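Comments concern the structure below.
2 protein chains.
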Amino acid sequence: MDAHRTLEFWFDFGSNYSYLAMLRVEALAAQRDVRVVLKPFLLGPIFKSFGWESSPFVLQAKKGAYTWRDMERQCAKYGLPWNKPSVFPRRALLPMRVAIAAEGQPWLGQFCRRIMHANFVDDREIDDAATVTEVLAALQLAPDAWITLAQEDATKAALRAQSTKAAARGIFGAPTFFVGDEMFWGNDRLEDALEYARGRRRFAPIAPAPD
Amino acid sequence: MDAHRTLEFWFDFGSNYSYLAMLRVEALAAQRDVRVVLKPFLLGPIFKSFGWESSPFVLQAKKGAYTWRDMERQCAKYGLPWNKPSVFPRRALLPMRVAIAAEGQPWLGQFCRRIMHANFVDDREIDDAATVTEVLAALQLAPDAWITLAQEDATKAALRAQSTKAAARGIFGAPTFFVGDEMFWGNDRLEDALEYARGRRRFAPIAPAPD
């Protein structure tokens, strides 16, 4: 598989549109022979750098109201389960740290999908050790070892560094996909990003002026 | 054609994602036997009501930079011509007033596509009488009569009223589509809105928990 056929998927477990992409990405990528690299990062510091104290879906009432209806419809379209979280956006430091500590592990995709499910279907606090422990245990992993690793200074620093890198690469929201340096923002661009990754989307004929 | 099979398309000639939808909507709707009702409204007062002095693509530098690259890619995908306007967002009061005065005219779609083309392909000032005159003349219409009508107090009031109604209906950006009271935001939701209009998108099976 050549290096170009790689999709970086930058996400935050608190982001609802990241939930849609997380539940869809691996199957769609596999169909296209594209490799997925999961890149957890903290969206909060990016929003803070814009002067926002929370998600735009909280700060902008009309956009927020629309977003929850949009999520119902999008989940129905994709056949995904959905329950509006009672807390939004949820803190997710602990599972984010586990995810960055587990970079390259074959079970990372499963772990991420289950954490997303806990937030956006089961309406659970995903920053609690109990939730993360349960998800790790269900995957036949050693929860205590992974949670200990997640809380080491080096892991915390790695997540901070990843978030700084996200900002430096121009990320302003989540999910964001990269294919090389080409950036795609939002679950709505997932298919475009994958087509780009496999070299099927470069140029299209330009139409004449409208009638 | 039953009343449900109608898509309201709310747009501003200054909005780049409205350009994509304007150039696509009538052909896609015709394929699905859905009627399109064009609803020009002013996006500026809505942004001002949020405390924004311009488009988020101007106010948020990173999102703005991304948007122009996204427009290049989206236009390539759809086979639409594109040149980044040298002025953004462009004032469009005069053509908006013509559009609202021309509600129900059979040439309104053509007029709107050509004004969009002037802005997003030819990089012309669309609020100038010269541009609007040229577009109307090319459609074999009487430019002076339509421009006079556009500048009457009743037309100005109709555009203001339409913009107030947009805000009251929860619109926070453009393009926005309505099918009855169901609202869809953004060119990316055009196909969903059309499928909804023809009754093909109501529910989908809910998937089991992730693996």
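Chains A and B, in that order, are what the protein sequence lines are.
Going by my numbering, the first sequence opens with residue 286, and the numbers climb by one from there.
Going by my numbering, the second sequence opens with residue 286, and the numbers climb by one from there.
Just so you know, even glycine gets a beta-carbon here, dropped at the ideal spot from N, CA and C.
Since the structure is predicted, the reported quantities are computational estimates derived from the model, not experimental observations.
Exercise for the section: Give a yes or no on contact between the stretch 367 to 375 of chain A and the stretch 399 to 418 of chain A, applying the rule of three or more CB pairs nearer than 8 angstroms. Expected result: yes
Problem - Span separating the alpha-carbon of residue 477 of chain A from that of residue 382 of chain B - result: By one-based count along the first sequence, residue 477 of chain A stands at place 192. By one-based count along the second sequence, residue 382 of chain B stands at place 97. Approximately 36 angstroms between the Cα atoms of the pair.
Exercise for the section: Spatial neighbours of residue 298 of chain A within its chain, please: CB distance less than 7 angstroms, with the 5 preceding and 5 following residues excluded, ordered by chain position. Expected result: The count along the first sequence starts at 1 and reaches residue 298 of chain A at position 13. Hits under 7 angstroms: 377, 380, 381, 400, 401, 404, 411.
Practice task
Pull up the DSSP beta-bridge partners for residue 322 of chain B, would you.
Solution key: For the purposes of this step, residue 322 of chain B is taken as residue 37 along the second sequence, with counting starting at 1. Looking at the DSSP assignment, residue 322 of chain B forms a beta bridge with B:293.
Practice task
Given a cut-off of 7 angstroms, decide if residue 428 of chain B and residue 416 of chain B are closer than it, judged by their beta-carbon atoms.
Solution key: Here the question's residue 416 of chain B lines up with position 131 in the second sequence. Here the question's residue 428 of chain B lines up with position 143 in the second sequence. Cβ atoms of residue 416 of chain B and residue 428 of chain B: not closer than 7 angstroms.
Problem - Nearest candidate by alpha-carbon position, reference residue 434 of chain A, set A:386, A:483, A:423 - result: In the first sequence, the residue the question calls residue 434 of chain A occupies position 149. Ranking A:386, A:483, A:423 by Cα distance to residue 434 of chain A puts A:386 first.
Exercise for the section: Determine whether the Cβ of residue 455 of chain B lies closer than 7 angstroms to any Cβ atom of chain A. Expected result: Along the second sequence, read from residue 1 onward, the residue named residue 455 of chain B stands at position 170. Judged by the 7 angstroms Cβ criterion, residue 455 of chain B is in contact with chain A.
Practice task
Would you kindly work out how many angstroms separate the C-alpha atoms of residue 455 of chain A and residue 347 of chain B, rounded to a whole number?
Solution key: Taking the first residue of the first sequence as 1, we reach residue 455 of chain A at position 170. Taking the first residue of the second sequence as 1, we reach residue 347 of chain B at position 62. Rounded to whole angstroms, residue 455 of chain A to residue 347 of chain B spans 6 angstroms at the Cα level.
Handout entry: chain A contacts made by the stretch 304 to 338 of chain B, where a contact means CB separation under 7 angstroms
Key = 308, 335
Exercise for the section: Flag this pair as touching only if the stretch 348 to 361 of chain A and the stretch 318 to 325 of chain A have three or more C-beta atom pairs under 8 angstroms; answer yes or no. Expected result: no
Handout entry: Check whether residue 361 of chain B and residue 475 of chain B have beta carbons under 7 angstroms apart
Key = Position 76 of the second sequence, counted from the first residue, corresponds to residue 361 of chain B. Position 190 of the second sequence, counted from the first residue, corresponds to residue 475 of chain B. No, Cβ-Cβ distance for residue 361 of chain B and residue 475 of chain B is not below 7 angstroms.
Problem - Residue environment, residue 328 of chain A, which counts as buried when at least 16 other CB atoms sit within 10 Å - result: Taking the first residue of the first sequence as position 1, residue 328 of chain A is located at position 43. That one is buried.
Practice task
Give a yes or no on whether the minimum CB-CB distance between residue 348 of chain B and chain A is below 7 angstroms.
Solution key: Here residue 348 of chain B is taken as the residue at index 63 of the second sequence, counted from 1. Yes, residue 348 of chain B counts as interfacial toward chain A.
Exercise for the section: Let me know if residue 300 of chain B comes out buried or exposed under the rule of 16 or more other beta-carbons within 10 Å of its beta-carbon. Expected result: By one-based count along the second sequence, residue 300 of chain B stands at place 15. Per the 10 Å Cβ criterion, buried.
Exercise for the section: Find the nearest neighbour of residue 295 of chain A within the set A:457, A:496, A:318, judged by alpha-carbon distance. Expected result: Mapped onto the first sequence, residue 295 of chain A falls at position 10. Per the Cα distances, A:457.
Exercise for the section: Check the Cβ of residue 477 of chain B against every Cβ in chain A and list those closer than 8 angstroms, keeping chain order. Expected result: Translated into positions along the second sequence, residue 477 of chain B becomes position 192. The contacting residues are 358, 362.
Problem - Local conformation of residue 488 of chain B per DSSP, three classes - result: Counted from its first residue, the second sequence places residue 488 of chain B at position 203. Its pLDDT being 46, under 50, residue 488 of chain B is placed unreliably by the model, and the measurement read from it follows with that caveat. The answer is coil: DSSP assigns residue 488 of chain B none of H, G, I, E or B.
Exercise for the section: Only counting runs of 4 or more residues, tell me where the alpha helix (DSSP H) segments fall wholly within the stretch 420 to 476 of chain B, in order along the chain. Expected result: 428 to 435, 438 to 453
Problem - Interface partners of residue 473 of chain B on chain A, CB under 9 angstroms - result: On the second sequence, residue 473 of chain B is found 188 positions in, with the first residue counted as 1. Ordered by position in chain A, the residues that pass the 9 angstroms Cβ test against residue 473 of chain B are 471, 473, 474.
Exercise for the section: Could you tell me which of B:438, B:303, B:309, B:326 sits nearest to residue 363 of chain B, measuring between CA atoms? Expected result: Working through the second sequence from its first residue, we reach residue 363 of chain B at position 78. If we check each option's Cα against that of residue 363 of chain B, B:309 comes out closest.
Problem - Residue span of the alpha helix (DSSP H) that contains residue 374 of chain A, given as start and end - result: By 1-based counting over the first sequence, the position of residue 374 of chain A is 89. Where residue 374 of chain A is concerned, there is no enclosing alpha helix (DSSP H), given that its DSSP letter is neither H nor E.
Practice task
With DSSP as the reference, label residue 286 of chain B as helix, strand or coil.
Solution key: Mapped onto the second sequence, residue 286 of chain B falls at position 1. Confidence is the limiting factor: at residue 286 of chain B the pLDDT is only 48, short of 50, which leaves the residue's position unreliable and the question unanswerable from this model.
Practice task
Please decide whether residue 292 of chain A counts as near chain B, where near means a Cβ-Cβ distance under 7 angstroms.
Solution key: Within the first sequence, the letter at position 7 stands for residue 292 of chain A. By this cut-off, residue 292 of chain A is not an interface position.
Exercise for the section: On a CA-only basis, which of B:448, B:289, B:365 is nearest residue 326 of chain B? Give me that one, please. Expected result: In the second sequence, the residue the question calls residue 326 of chain B occupies position 41. Ranking the options by Cα distance to residue 326 of chain B, first place goes to B:448.
Practice task
Report the option in A:365, A:313, A:374, A:312 whose CA atom is closest to the CA atom of residue 339 of chain A.
Solution key: Position 54 of the first sequence holds residue 339 of chain A. Taking only the C-alpha atoms, the option nearest residue 339 of chain A is A:374.
Exercise for the section: Look at the alpha carbon of residue 333 of chain A and the alpha carbon of residue 442 of chain A, and state the distance between them as a whole number of angstroms. Expected result: Reading the first sequence from its first residue, position 48 is the one you call residue 333 of chain A. Reading the first sequence from its first residue, position 157 is the one you call residue 442 of chain A. Rounded to the nearest angstrom, the two C-alpha atoms are 19 angstroms apart.
Handout entry: Check whether residue 292 of chain B and residue 314 of chain B have beta carbons under 7 angstroms apart
Key = In the second sequence, the residue the question calls residue 292 of chain B occupies position 7. In the second sequence, the residue the question calls residue 314 of chain B occupies position 29. Yes.
Practice task
Might you give, ordered along the chain, the residues of its own chain that have their beta carbon closer than 6 angstroms to the beta carbon of residue 331 of chain A, omitting 5 neighbours on each side?
Solution key: The residue you call residue 331 of chain A lines up with position 46 of the first sequence. Result list for residue 331 of chain A: 452, in chain order.
Handout entry: Residues near residue 335 of chain B by beta carbon distance below 7 angstroms, same chain, minus five either side
Key = For this step, residue 335 of chain B is matched to residue 50 along the second sequence. Cβ within range, chain order: n/a, list empty.
Handout entry: Alpha-carbon spacing of residue 459 of chain B relative to residue 444 of chain B, whole angstroms
Key = In the second sequence, residue 459 of chain B corresponds to position 174, counting from 1. In the second sequence, residue 444 of chain B corresponds to position 159, counting from 1. Computed Cα separation, rounded: 16 angstroms.
Problem - Selection from B:355, B:472, B:470 that minimises the alpha carbon distance to residue 468 of chain A - result: Start at 1 with the first residue of the first sequence, and residue 468 of chain A comes out as number 183. Among B:355, B:472, B:470, the Cα nearest to that of residue 468 of chain A is on B:355.
Problem - Residues, ordered as in the chain, of the stretch 412 to 430 of chain B that lie near chain A by beta-carbon distance below 7 angstroms - result: none
Practice task
Could you tell me whether the Cβ of residue 489 of chain B comes closer than 7 angstroms to any Cβ of chain A?
Solution key: By one-based count along the second sequence, residue 489 of chain B stands at place 204. Residue placement at residue 489 of chain B is poorly supported in this model, since its pLDDT is 49, which falls under 50; the coordinates still yield a value, given next. Output row for residue 489 of chain B: interface = yes.
Exercise for the section: Just the chain A side, please: which residues come within less than 8 angstroms of residue 408 of chain B by C-beta, in chain order? Expected result: Counting from one through the second sequence, the residue named residue 408 of chain B turns up at place 123. Per Cβ cutoff of 8 angstroms: no residues; residue 408 of chain B is ~14 angstroms from chain A at best.
Exercise for the section: Consider the Cβ of residue 351 of chain B: report whether some Cβ of chain A lies at a distance smaller than 7 angstroms. Expected result: The residue you call residue 351 of chain B lines up with position 66 of the second sequence. Closer than 7 angstroms to some Cβ of chain A, the Cβ of residue 351 of chain B qualifies, so yes.
Practice task
Output the distance between the C-alpha atoms of residue 424 of chain B and residue 394 of chain B, rounded to the nearest integer angstrom.
Solution key: Taking the second sequence and counting its residues from 1, the one referred to as residue 424 of chain B is at position 139. Taking the second sequence and counting its residues from 1, the one referred to as residue 394 of chain B is at position 109. Each residue's alpha carbon lies about 11 angstroms from the other.
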